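Asks: Before we start, here is the structure in question, set down as structure tokens.
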Amino acid sequence: DVVAVLEAMKMENDVKTDRAGKVTEILISEGDTVEKGTVLMVIE
1279 DVVAVLEAMK
1289 MENDVKTDRA
1299 GKVTEILISE
1309 GDTVEKGTVL
1319 MVIE
């Protein structure tokens, strides 16, 4: 399932998970710059 969409170089990229659960915490804000490997959210 797609849990987020990130924009990079004017392209939208789906962030997917293969685990069932509920997003309990979002660790970034809209407009933040993130690097590869950055934890974006907590899924329980």
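Okay, so the sequence shown: first residue is 1279 according to the numbering used here, each after it adds one. Ideal Cβ positions, reconstructed from N, Cα and C, are used throughout, including at glycine. Values in this document were obtained by computation on a predicted structure and should not be read as measured data.
Could you tell me the distance, in whole angstroms, from the CA atom of I1321 to the CA atom of R1297?
Replies: Indexing the sequence shown from 1 puts residue 1321 at position 43. Indexing the sequence shown from 1 puts residue 1297 at position 19. I1321 and R1297: Cα-Cα distance of roughly 8 Å.
Asks: Helix, strand or coil for I1306? Go by DSSP, reduced to three states.
Replies: For this step, residue 1306 is matched to residue 28 along the sequence shown. DSSP places I1306 in coil when its eight states are reduced to three.
Asks: Just verifying my parser: in three-state terms, what is the DSSP assignment at M1287?
Replies: For this step, residue 1287 is matched to residue 9 along the sequence shown. Here M1287 sits in coil by DSSP.
Asks: Quick check: the Cα distance between G1315 and N1291, rounded to an integer number of angstroms?
Replies: For the purposes of this step, residue 1315 is taken as residue 37 along the sequence shown, with counting starting at 1. For the purposes of this step, residue 1291 is taken as residue 13 along the sequence shown, with counting starting at 1. Cα to Cα, G1315 sits roughly 15 Å from N1291.
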